[in-house]
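Going by our numbering, the letters in the sequence shown line up with residues 3 to 256, in that order. Data first, discussion second: the structure below is written as structure tokens.
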Amino acid sequence: MTQLTVSQVKERLNDEKLTAHELAVFKEDSRKGVQQLMKRYDKEIQQKQELKKQYEMMMTFEENLFHRGFTQVAGIDEAGRGPIAGPVVAGAVVLPRDYYLEGLNDSKKLSLKSREAYFGRIKADADWGVGIVTNEEIDQINIYQATKLAMKRAVEGLSGQPEHLLIDAMELDAIPTSQTKLIKGDERSVSIAAASVIAKVTRDRMMAELDEQYPMYEFRSNQGYGTKPHVEALKTHGPSPVHRKTFAPVKDLL
Numbered sequence: 003m004t005q006l007t008v009s010q011v012k013e014r015l016n017d018e019k020l021t022a023h024e025l026a027v028f029k030e031d032s033r034k035g036v037q038q039l040m041k042r043y044d045k046e047i048q049q050k051q052e053l054k055k056q057y058e059m060m061m062t063f064e065e066n067l068f069h070r071g072f073t074q075v076a077g078i079d080e081a082g083r084g085p086i087a088g089p090v091v092a093g094a095v096v097l098p099r100d101y102y103l104e105g106l107n108d109s110k111k112l113s114l115k116s117r118e119a120y121f122g123r124i125k126a127d128a129d130w131g132v133g134i135v136t137n138e139e140i141d142q143i144n145i146y147q148a149t150k151l152a153m154k155r156a157v158e159g160l161s162g163q164p165e166h167l168l169i170d171a172m173e174l175d176a177i178p179t180s181q182t183k184l185i186k187g188d189e190r191s192v193s194i195a196a197a198s199v200i201a202k203v204t205r206d207r208m209m210a211e212l213d214e215q216y217p218m219y220e221f222r223s224n225q226g227y228g229t230k231p232h233v234e235a236l237k238t239h240g241p242s243p244v245h246r247k248t249f250a251p252v253k254d255l256l
């Protein structure tokens with residue numbers, strides 16, 4: 003092989019058609035620039051292997067269900083139980099079997115850019131549903147029941163009928179489908195992690211829209227949580243129509 007320039011080596015390392023022979027040649031190349039590229043390449047490969055291993059561990063519950071004969075397994079998670087304004091939103095996702103989405107994890111552990119990217123991929127590749135329960139409904143039935151209702155609506159939003167539900171820290175008594183409650187499920191199941199992304203991004207976008215209507219509360223940055231600036235704005239302007247009237251400190255100002 004004619005010796006390539008360092009720039010050409012970099013291009014080849016980024017090519018999916020890189021051969022084992024080329025890789026062996028590059029590893030023997032004594033040029034400092036090439037050796038730096040190889041260190042970076044080896045580090046990236048190691049990271050990819052670790053992400054694949056993590057994903058496989060998070061597929062344990064799904065794989066066990068597949069072995070038991072289930073084919074349509076839905077992960078369910080929510081976003082927005084704690085805020086003092088806005089809806090609670092749930093996501094339900096049925097990932098294709100043998101699906102792999104590198105780096106998929108609990109939405110809270112992902113950057114905004116990553117969440118948005120995964121959101122698009124999941125919506126394109128999987129069966130998904132969203133359930134929304136408004137702040138008025140939350141005040142009527144309490145946040146615990148509202149969360150269950152959002153999850154039920156998310157399941158109803160799926161195009162197919164799931165055979166088993168993997169749910170983050172909840173049980174849905176209103177749904178006859180068999181289910182498994184998983185504490186910290188968004189860290190233990192890829193299906194629940196995918197659902198957490200759908201729920202989180204959907205709700206964040208809703209809060210960004212509400213921020214345009216009620217900019218004084220800074221919903222775009224606090225997502226409705228009771229941050230200090232948010233509470234100060236409450237004291238100055240009073241509650242908005244999207245605040246949860248049964249939540250402190252909102253109810254204390256009414």
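Every residue, glycine too, gets a C-beta built ideally from N, C-alpha and C.
Whole-angstrom C-beta distance between residue j and residue i, which should lie under 8 Å
| i | j | result |
| --- | --- | --- |
| SER109 | ASP129 | Not really, about 18 Å apart at Cβ, beyond 8 Å. |
| ASN137 | HIS239 | In fact, because the Cβ distance is near 16 Å, the residues do not count as touching under 8 Å. |
| MET209 | GLY228 | Contact flag wrong, Cβ pair sits at about 13 Å. |
| GLY131 | ALA94 | 4 Å |
| LEU97 | TYR120 | At roughly 12 Å, the Cβ-Cβ gap does not stay under 8 Å, so LEU97 and TYR120 are not in contact. |
| ARG205 | ASP213 | Not really, about 13 Å apart at Cβ, beyond 8 Å. |
Residues of its chain near residue i, where Cβ-Cβ distance is below 6 Å and the 5 sequence neighbours each way are ignored
| i | result |
| --- | --- |
| SER180 | HIS166 |
| ILE194 | GLY77, ASP79, LEU168, ASP170, GLY187 and ASP188 |
| GLU104 | LEU53 |
| SER242 | TYR216 |
| ALA92 | GLU80, GLY133, ALA152, MET153, ALA156 and ALA201 |
Close beta carbons around residue i, own chain, < 7 Å, minus the five adjacent residues each side
| i | result |
| --- | --- |
| LYS154 | GLY133, LEU174, ALA176 and ILE177 |
| PHE249 | ILE86 |
| MET172 | THR149, LYS150, MET153 and LYS183 |
Residue i at chain C interface by Cβ criterion, 8 Å
| i | result |
| --- | --- |
| ASP206 | Looking for chain C here will not work: only one protein chain is present. |
Beta-carbon proximity list for residue i, same chain, < 8 Å, skipping 5 on both sides
| i | result |
| --- | --- |
| VAL233 | PRO251 |
| ASN144 | THR248 |
| LEU255 | LEU236, LYS237, GLY240 and PRO241 |
| LYS253 | LYS247 |
Bridge partners - residue i, DSSP secondary structure assignment
| i | result |
| --- | --- |
| SER180 | HIS166 |
| VAL132 | GLY93 |
| ILE78 | ALA94 and ILE169 |
*Please list the segments of the beta strand (DSSP E) lying wholly inside the region 81 to 121, counting only runs of 3 or more residues, in order along the chain.*
Entirely contained in the region 81 to 121, the beta strand (DSSP E) runs reaching 3 residues are, in chain order, 90 to 96.
inquiry  = Using 8 Å as the cut-off, can you tell me whether the region 143 to 153 makes contact with the region 69 to 88, which would need three or more C-beta pairs spanning the two stretches below that distance?
reply    = Because the criterion of three Cβ pairs below 8 Å is met, the region 143 to 153 and the region 69 to 88 touch.
Three-pair Cβ contact test at 8 Å for the region 103 to 119 versus the region 180 to 193:
Judged by Cβ distances under 8 Å, the region 103 to 119 makes contact with the region 180 to 193, as three or more pairs qualify.
Point to revise | At least three beta-carbon pairs within less than 8 Å, the region 22 to 40 to the region 3 to 12 | key: Under the Cβ criterion (8 Å, minimum of three pairs), the region 22 to 40 counts as touching the region 3 to 12.
Q: May I have a chain-ordered list of the beta strand (DSSP E) segments no shorter than 3 residues that lie completely inside the region 187 to 220?
A: Correct list: empty.
| Are three or more beta carbon pairs between the region 23 to 30 and the region 48 to 57 nearer than 8 Å? | Fewer than three beta-carbon pairs drawn from the region 23 to 30 and the region 48 to 57 are found closer than 8 Å, and the two stretches are therefore not classed as touching.
* Asked: Residue ranges of each beta strand (DSSP E) run of no fewer than 3 residues wholly in the region 14 to 76, ordered along the chain?
  -> Runs found: none.
Of all the beta strand (DSSP E) runs that stay within the bounds of the region 218 to 254, which reach a length of 3 or more residues? With a minimum length of 3 residues, no continuous beta strand (DSSP E) run stays inside the region 218 to 254.
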